[in-house]
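Q:
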Amino acid sequence: MLAKASGVLLLFFASCQAFLLPENTPGFVQFSHGSNLSQPIKSQLGAGLFGPKKANESQGDLSLGKRIIEIPAKSIKKGGLRFALGLHLIGLQNTPDSGSWRANQQSETVLEMHFKDNSAKFEVVLEDSCIAVDRYGQPSLAYLLQESVILHSVLDELGSLAFGGEVEKENRLLQLDESATTIEKARKVLPTRQA
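In this text, residue positions in the sequence shown follow the working numbering: the first is 199, and each later residue adds one.
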């Protein structure tokens, strides 16, 4: 009985002229009272009951970044390093599943990786004296775990570019301030350990 009375009251309030909403209001329910009204009455039944709905509620705020890794460097050849890291990140787009990540070159010094659930992204930033990784958004648990796997791989690649191979030190794309300990310090920030 109470539910029926509540429904009648709700319908009554929704149809009152005091509760009319503009034509372009999203989420309205349209009521039409007889054929004598030329304009149907629009109401928003229950909309906003728990606060206004945000347009991008499922996505984190990708404009606010947090620096998670910073690796000081003696020398960075930005063009070559950007190209090498870009190819490496493209190769990781389907890790662990197809379409898990989307690589993007935002600028001459920034490489982005967007996660499939759009909760967050990270950027590899090539600055004059360091390589930084910034996280944007409100990461899901799945994002954090997969980001960690990807960043361990990026750190491996940076170590390889800085110390591996037979390339002379002055010709390397990356020369770090401190030897391999710099990369190991960066690994300690990540939530999962290297496999």
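Where a beta carbon is used, it is the ideal one built from N, C-alpha and C, also for glycine.
Can you tell me which of Glu368, Val323, Gly357 puts its alpha carbon nearest to the alpha carbon of Ile266?
A: Within the sequence shown, numbered from 1, the residue matching residue 266 stands at position 68. The shortest Cα separation from Ile266 among Glu368, Val323, Gly357 belongs to Val323.
Q: Pull up the DSSP beta-bridge partners for Ala318, would you.
A: For the purposes of this step, residue 318 is taken as residue 120 along the sequence shown, with counting starting at 1. DSSP lists Gly335 as partners of Ala318.
Q: Would you mind sorting Ser317 into buried or exposed? The rule is 16 or more other CB atoms within 10 Å of its CB.
A: If you number the sequence shown from 1, residue 317 lands on position 119. With 16 or more Cβ atoms within 10 Å of its Cβ, Ser317 is classed as buried.
Q: Measure the C-alpha to C-alpha separation of Glu376 and Ala360 and round it to an integer number of angstroms.
A: Here residue 376 refers to the residue found at position 178 of the sequence shown. Here residue 360 refers to the residue found at position 162 of the sequence shown. Annotation: Glu376 to Ala360 spans about 11 angstroms, alpha carbon to alpha carbon.
Q: Does the Cβ-Cβ distance between Ala301 and Leu287 come in under 8 angstroms?
A: Position 103 of the sequence shown, counted from the start, is the residue given in the question as residue 301. Position 89 of the sequence shown, counted from the start, is the residue given in the question as residue 287. Result yes, Cβ atoms of Ala301 and Leu287 sit closer than 8 angstroms.
Q: Whether or not the stretch 364-383 and the stretch 268-284 are in contact is what I'm after, with contact meaning three or more pairs of Cβ atoms, one per stretch, closer than 8 angstroms; do they touch?
A: The answer is yes - the stretch 364-383 touches the stretch 268-284, with three or more Cβ pairs under 8 angstroms.
Q: By how many angstroms is the C-alpha of Glu364 removed from the C-alpha of Leu342?
A: Working through the sequence shown from its first residue, we reach residue 342 at position 144. Working through the sequence shown from its first residue, we reach residue 364 at position 166. About 35 angstroms.
Q: Mind checking Gly289: buried by the 16 CB within 10 Å criterion, or exposed?
A: As a first step, residue 289 is located in the sequence shown; it is residue number 91 there, counting from the start. That one is exposed.
Q: Hey, Trp299 and Ile329 are a contact pair by Cβ (cut 8 angstroms); roughly how many whole angstroms apart?
A: One-based indexing of the sequence shown puts residue 299 at position 101. One-based indexing of the sequence shown puts residue 329 at position 131. In this structure, Trp299 and Ile329 do not form a Cβ contact; the two beta carbons are roughly 19 angstroms apart against a cut-off of 8 angstroms.
Q: I need the boundaries of the alpha helix (DSSP H) containing Lys276, first residue and last residue.
A: Stepping through the sequence shown from its first residue, residue 276 is reached at position 78. Looking at the DSSP string, the run of the alpha helix (DSSP H) that includes Lys276 is 276-289.
Q: Using CA atoms only, rank isn't needed, just tell me which of Ser305, Ser296, Thr293, Gly297 is closest to Phe281.
A: Taking the first residue of the sequence shown as 1, we reach residue 281 at position 83. The residue with the shortest Cα to Cα distance from Phe281 is Ser305.
Q: Keeping to the same chain, check which residues put their C-beta closer than 6 angstroms to that of Glu382; ignore five residues upstream and five downstream.
A: Along the sequence shown, one-based indexing puts residue 382 at 184. In its own chain, leaving out the 5 sequence neighbours on each side, no residue places its CB closer than 6 angstroms to the CB of Glu382.
Q: Measuring only the C-alpha atoms, how far is Glu368 from Met311?
A: Locating residue 368 in the sequence shown gives position 170, where the first residue counts as 1. Locating residue 311 in the sequence shown gives position 113, where the first residue counts as 1. Taking the straight line from one Cα to the other gives about 30 angstroms.
Q: Can you look up Ser273 in the DSSP assignment and give me helix, strand or coil?
A: Locating residue 273 in the sequence shown gives position 75, counting from the first residue. Strand at Ser273.
Q: Is the distance from the Cβ of Gly284 to the Cβ of Arg333 below 8 angstroms?
A: Translated into positions along the sequence shown, residue 284 becomes position 86. Translated into positions along the sequence shown, residue 333 becomes position 135. Not a contact, by the Cβ cut-off of 8 angstroms.
Q: Are Gly297 and Lys275 close, meaning C-beta to C-beta below 8 angstroms?
A: For the purposes of this step, residue 297 is taken as residue 99 along the sequence shown, with counting starting at 1. For the purposes of this step, residue 275 is taken as residue 77 along the sequence shown, with counting starting at 1. It is not a contact, given that the beta carbons lie outside the stated cut-off.
Q: Rounded to whole angstroms, what's the CA-CA distance from Glu355 to Phe320? Just pull it up for me.
A: Within the sequence shown, residue 355 is the residue found at index 157, counting from 1. Within the sequence shown, residue 320 is the residue found at index 122, counting from 1. Approximately 17 angstroms, taken between the alpha carbons.
Q: With DSSP run on the structure shown, which of helix, strand or coil describes Val387?
A: Numbered from its first residue, the sequence shown carries residue 387 at position 189. Val387 falls in the coil class under three-state DSSP.
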